[in-house]
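Plus 1 on top of the position in the first sequence (first one is 1) and you've got this note's numbering.
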Amino acid sequence: MEIFLIMKYEPIAIEEKWQKKWETEKTFKVTEDTAKKKYYLLEMFPYPSGKIHIGHVRNYTIGDVVARYKRMKGFNVLHPMGWDSFGLPAENAAIEHKIHPSKWTNENINHMKKQLKRMGFSYDWDRELSTCEPKYYRWEQLFFIRMYEKGLAYKRRSMVNFCSKCDTVLANEQVESGACWRCGTEVTEKILEQWFFKITAYIDELLEYCDKLPGWPDRVLTMQRNWIGKSYGCEISFPLIDSDKAIKVFTTRQDTIFGATFMLIAAEHPLVMELAKGKNVEKDVQQFVEKVKKQDKLMRTSEYYDKEGLFLESYCQNPVTGKHMPIFATNFVLAEYGTGCVMAVPTHDQRDFEFAQKFNLPMIVVIQPHNKTLNVETMKEAYVEEGILVHSGQFDGMENMKALDAIADYLESIGKGKRTIQYRLRDWGISRQRYWGAPIPMINCAKCGIVPVPEAELPVVLPSDVVLSGAGGSPLAALKIFVETKCPKCGGPASRETDTMDTFVESSWYFDRFCSPHCNTKPGLDRKALDYWMPVDQYIGGIEHAILHLLYSRFYTKMLRDFGIIGVDEPFLNLLTQGMVCKETMKCPEHGYLFPEQGASGKCHICQKDVIIGKTEKMSKSLKNVIDPDYLIKNYGADTARVFCLFAAPPEKDLEWSDQGVDGSFRFLNRTWRIFMDYVDEIKNIAPLTGKEELRDDLKNMRRKTHQTIRKVTIDIEDRFHFNTAISAIMELVNTLYQTPHPANNDKIGLAVIREALETAIILLAPIVPHMTEELWEILGNKTPLSEVGWPMFDKTIASEEEITIVIQINGKLRSRITVAIDEEAESIKAAALADEKIVAMLKGSNVLKVIYVPKKLVNIVVAQ
RNA sequence: GCGAGAGUGGCGGAAUUGGCAGACGCACUGGACUUAGGAUCCAGCCCGCCUAAGCGGAUAGGGGUUCAAAUCCCCUCUCUCGCACCA
Numbered sequence: 002m003e004i005f006l007i008m009k010y011e012p013i014a015i016e017e018k019w020q021k022k023w024e025t026e027k028t029f030k031v032t033e034d035t036a037k038k039k040y041y042l043l044e045m046f047p048y049p050s051g052k053i054h055i056g057h058v059r060n061y062t063i064g065d066v067v068a069r070y071k072r073m074k075g076f077n078v079l080h081p082m083g084w085d086s087f088g089l090p091a092e093n094a095a096i097e098h099k100i101h102p103s104k105w106t107n108e109n110i111n112h113m114k115k116q117l118k119r120m121g122f123s124y125d126w127d128r129e130l131s132t133c134e135p136k137y138y139r140w141e142q143l144f145f146i147r148m149y150e151k152g153l154a155y156k157r158r159s160m161v162n163f164c165s166k167c168d169t170v171l172a173n174e175q176v177e178s179g180a181c182w183r184c185g186t187e188v189t190e191k192i193l194e195q196w197f198f199k200i201t202a203y204i205d206e207l208l209e210y211c212d213k214l215p216g217w218p219d220r221v222l223t224m225q226r227n228w229i230g231k232s233y234g235c236e237i238s239f240p241l242i243d244s245d246k247a248i249k250v251f252t253t254r255q256d257t258i259f260g261a262t263f264m265l266i267a268a269e270h271p272l273v274m275e276l277a278k279g280k281n282v283e284k285d286v287q288q289f290v291e292k293v294k295k296q297d298k299l300m301r302t303s304e305y306y307d308k309e310g311l312f313l314e315s316y317c318q319n320p321v322t323g324k325h326m327p328i329f330a331t332n333f334v335l336a337e338y339g340t341g342c343v344m345a346v347p348t349h350d351q352r353d354f355e356f357a358q359k360f361n362l363p364m365i366v367v368i369q370p371h372n373k374t375l376n377v378e379t380m381k382e383a384y385v386e387e388g389i390l391v392h393s394g395q396f397d398g399m400e401n402m403k404a405l406d407a408i409a410d411y412l413e414s415i416g417k418g419k420r421t422i423q424y425r426l427r428d429w430g431i432s433r434q435r436y437w438g439a440p441i442p443m444i445n446c447a448k449c450g451i452v453p454v455p456e457a458e459l460p461v462v463l464p465s466d467v468v469l470s471g472a473g474g475s476p477l478a479a480l481k482i483f484v485e486t487k488c489p490k491c492g493g494p495a496s497r498e499t500d501t502m503d504t505f506v507e508s509s510w511y512f513d514r515f516c517s518p519h520c521n522t523k524p525g526l527d528r529k530a531l532d533y534w535m536p537v538d539q540y541i542g543g544i545e546h547a548i549l550h551l552l553y554s555r556f557y558t559k560m561l562r563d564f565g566i567i568g569v570d571e572p573f574l575n576l577l578t579q580g581m582v583c584k585e586t587m588k589c590p591e592h593g594y595l596f597p598e599q600g601a602s603g604k605c606h607i608c609q610k611d612v613i614i615g616k617t618e619k620m621s622k623s624l625k626n627v628i629d630p631d632y633l634i635k636n637y638g639a640d641t642a643r644v645f646c647l648f649a650a651p652p653e654k655d656l657e658w659s660d661q662g663v664d665g666s667f668r669f670l671n672r673t674w675r676i677f678m679d680y681v682d683e684i685k686n687i688a689p690l691t692g693k694e695e696l697r698d699d700l701k702n703m704r705r706k707t708h709q710t711i712r713k714v715t716i717d718i719e720d721r722f723h724f725n726t727a728i729s730a731i732m733e734l735v736n737t738l739y740q741t742p743h744p745a746n747n748d749k750i751g752l753a754v755i756r757e758a759l760e761t762a763i764i765l766l767a768p769i770v771p772h773m774t775e776e777l778w779e780i781l782g783n784k785t786p787l788s789e790v791g792w793p794m795f796d797k798t799i800a801s802e803e804e805i806t807i808v809i810q811i812n813g814k815l816r817s818r819i820t821v822a823i824d825e826e827a828e829s830i831k832a833a834a835l836a837d838e839k840i841v842a843m844l845k846g847s848n849v850l851k852v853i854y855v856p857k858k859l860v861n862i863v864v865a866q
């Protein structure tokens, strides 16, 4: 005979029990099953830094709920996890602690894997991958060679962004307002031989598809569009006086060309020295150029900048007015954008205006606003709005926006210009002078030049016996046995490329590899598996990757498509960018930032001084405002941690950490557990109510709530990922269970209603609170695990109210309420409203103008004021 | 400066399409049970007037559209994020 005791909710034991079961039974393993609809859910994989942090917990919890929900909805769900395991921290750890990067990385992976398992995430661990393994990056090397053959990977000497602390080059996308995205060190410029990926080959497609990704947040698409920065304009030639050469400029404002009165050139531009050569100013120009080169980076990060310039004692000619234009070298024209030269129109560009004022240069108004008349003598700033062209020859009287085309045509017809398009996006520099990355599979031969490593010799394995001293320079370059090789072409002595690839290359295709993680035949991706799983249906990760990782991955996808390796245009159908986890900072006036437990009492743990509570900021190690997930799990369990992360805020918003919030989540689970235990003996052998029996009031109410909750939770998860409102709906259901009088133990129908309600609460909670619900489900006597149970359906009639409250307003103000049957006719509701006791009293002597009835909501009576 | 988004009780946040503002939770207050309560259960909880019923006010501030606005439009303020001389 079975005896049921009222058991206490003990999350740790329950969670460990189910996690073990999921692991040994491989519950979440999936294979391609064409009979089922697939759903590929992916969270951004982590860098194995040591331990998981709360940001991971939140990201992966959101993903796990969706994965489990879709599974219950009958989808074949691919939900993988892996490690973005190349990168600098491993190398820095090696220098600091004399531990090999691979050992450090793998130890971290093992630890973090345990932590993720402890959270109960439903990953198919058989698909786990780690990007620092040769079996992963060998394919990346193969792709590299393909890219090289097609001109999509090339080497070029160029000015690069260099971080002295990380001792390596950074891509443009990795520079954040002049500083290194990783360590915050100010970025300097260097000229180096670099490998580039020709992302610009796909620039138009990358831009076009920004309009074809309705499942992405607008914010991210806008950021990508701006980053690509496409602008239409003209390249115009300005002939040099005393020379047969011409200066070419790019402009989007050819409508203002008649107002161009001088020429500006970026100081770094080679033309500057060319023009100054042999002139009186040559020395001064040389000095100026040197000065600008030095100040350049600082200037970009500073808020105030001085517009400086130096006259080159040279002139060019305006191709439409014939007027001579003095030429200046300046510090505020970008050498890398357009042609590095700008035609200056001081009347209609604020920068040019300021410059003209400073150097007392001529100004001509060419756009006249509709409402006032501009006068160059009195103008205080440039006029940058629209208007009518003046002083513009045959174009006078035209709207300036319309003149854009006309003037472009004219310039083309006289051979002085042509329509062009400029982009802000540059090619992706992927060379890194570091050790812990995927080797670039190229060989330099003095005779044959750059030669790819033959495919048969792949992978080029990263050697393990390297010396990491931190002294600077590439550690690989110092390793003779790696560098010295033979040229595959001529057999002569040659040297290997010692740069490694940017780690963003690995993360640009890991989602493809997850589809066939063990494929070891060329090209490492099984087309059949990819065609089944790709694209990713839902991608979830931090907003910080809005440009970098997401743009690179889109590019890589299009490229692999053109190689015939995959069949999709875009990797991620839907994107959810979750907010950051924040917490207040704590500071001791003497000992600086404190960890939460060091200042928990309000006093510093060392000196007992009062703790200063600071701003709420993103959790970070440097501010010490971090919560250790281990601590949370140990005290409350993974289920509570999951509920809290979801309940406190909708996923896309920042989440402010609160200890009380955690208590509240824990209390809710306990409350659910207790009401279940209160009933379990009585309902264990009773089937949940399924028919449409007439029920008495409290039971009818209970049952209605049950079905309403299914409806609400389904919509909240399915359409909006609003888990916070889904959880509150389930809380309401549990509250209703508490409020419903306990049916007598021979009241079979009553208990069947309760069983239906309890069962529903458990099933609806299952994706969010997987361990506790499995346990309760089992205690209820079910043999099939909850993870295999289908998502419940709601009955529309049961969920609908029979009686509804209609609000009565007079002139939009709430005055009374009436209760009517759900199917009551509009006319009789209006009549009832007008007949309502309170309303009659208030309407006395008023003139009713109109009665508006909003079905099932309200009656608004409009009276004369 | 430009671009995008946001602003609702003491707090986190609700309010599918314009239709009862404040769901749910936290904190707080009171009560019950109790040797005890930091457990649990029940109740109260936007602000003002009032014992109460009731009345008035309130979604950053101001104006507008509408029978009706947190929601739509215009202006102002504040905050967050992104880009910052892109010609």
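Think of the CB as a built atom: it goes at the ideal place given N, C-alpha and C, for glycine as much as any other residue.
Query, Result
"Which of helix, strand or coil DSSP assigns to Ser50", "coil"
"Simplified DSSP assignment, three categories, for Asp127", "helix"
"Terminal residues of the beta strand (DSSP E) in which Tyr155 lies", "Ala154 to Cys164"
"Residues sharing a beta bridge with Cys317, DSSP", "Leu241 and Met326"
"Exposure label - Asn861; buried when at least 16 CB within 10 Å", "buried"
"Sub-8 angstroms separation of Ile204 and Met264 beta-carbons", "no"
"Alpha helix (DSSP H) segment containing Ser223, residue limits", "Rather than Ser, the amino acid found at residue 223 in this sequence is Thr. Thr223 -> alpha helix (DSSP H) spans Asp219 to Ile229."
"Where Phe667 falls: helix, strand or coil (DSSP)", "helix"
"Gly416 versus Cys235, Pro455 and Arg435, residue with shortest Cα-Cα distance", "Cys235"
"Pair within 8 angstroms by beta-carbon distance, Ile444 and Pro489", "yes"
"Beta bridge counterpart(s) of Lys814 as assigned by DSSP", "Ile811"
"Residue from Thr798, Gln810 and Ile811 whose Cα sits closest to the Cα of Asp824", "Thr798"
"Exposure label - His98; buried when at least 16 CB within 10 Å", "exposed"
"Backbone CA spacing between Leu526 and Leu89 [nearest angstrom]", "27 angstroms"
"Any 3 or more C-beta pairs closer than 8 angstroms across the segment 67-86 and the segment 141-161", "no"
"Endpoints, beta strand (DSSP E) assigned at Pro453", "Gly450 to Pro453"
"Contact check, Ile809 vs Ala834, beta carbons under 8 angstroms", "yes"
"Beta-bridge partners of Met73, as assigned by DSSP", "BP columns for Met73 are empty, so no partner."
"Rounded distance between the beta-carbons of Ala758 and Leu738, thought under 8 angstroms", "6 angstroms"
"Residue closest to Pro320, alpha-carbon to alpha-carbon, out of Leu335, Val282 and Ser414", "Ser414"
"Ser86 in three-state terms, based on DSSP", "coil"
"Nearest-angstrom Cα separation, counted from Glu177 out to Thr302", "Unreliable placement is indicated for Thr302, whose pLDDT of 49 sits below 50; no coordinate value is reported for it."
"Gly565 to Ser508 span [Cα, whole Å]", "20 angstroms"
"Local conformation of Lys584 per DSSP, three classes", "strand"
"Member of Met399, Val346 and Glu400 whose CA lies at the smallest distance from the CA of Tyr384", "Val346"
"Which residues DSSP lists as bridging Lys39, in chain order", "Asn77"
"Ala479 (DSSP reduced to helix, strand or coil)", "coil"
"Rounded Cβ spacing between Leu777 and Phe677 (contact assumed at less than 8 angstroms)", "5 angstroms"
"Top-ranked residue by Cα proximity to Asn725, from Ile63, Lys231 and Phe596", "Ile63"
"Asn848, buried or exposed, once every other Cβ within 10 Å from all chains shown has been counted against 16", "exposed"
"For His772, the nearest candidate out of Lys324, Glu16 and Val78 (CA to CA)", "Glu16"
"Cβ-based burial, Glu304 [other Cβ within 10 Å; buried from 16]", "With a pLDDT of 46 at Glu304, under the threshold of 50, the modelled position of that residue is not reliable, and no figure is offered here."
"Between the CA atoms of Arg818 and Pro630 - distance to the nearest angstrom", "50 angstroms"
"CA-to-CA distance, Thr106 to Leu549, given in whole angstroms", "23 angstroms"
"Beta carbon of Met45 nearer than 8 angstroms to that of His546", "yes"
"Residue environment, Lys71, which counts as buried when at least 16 other CB atoms sit within 10 Å", "buried"
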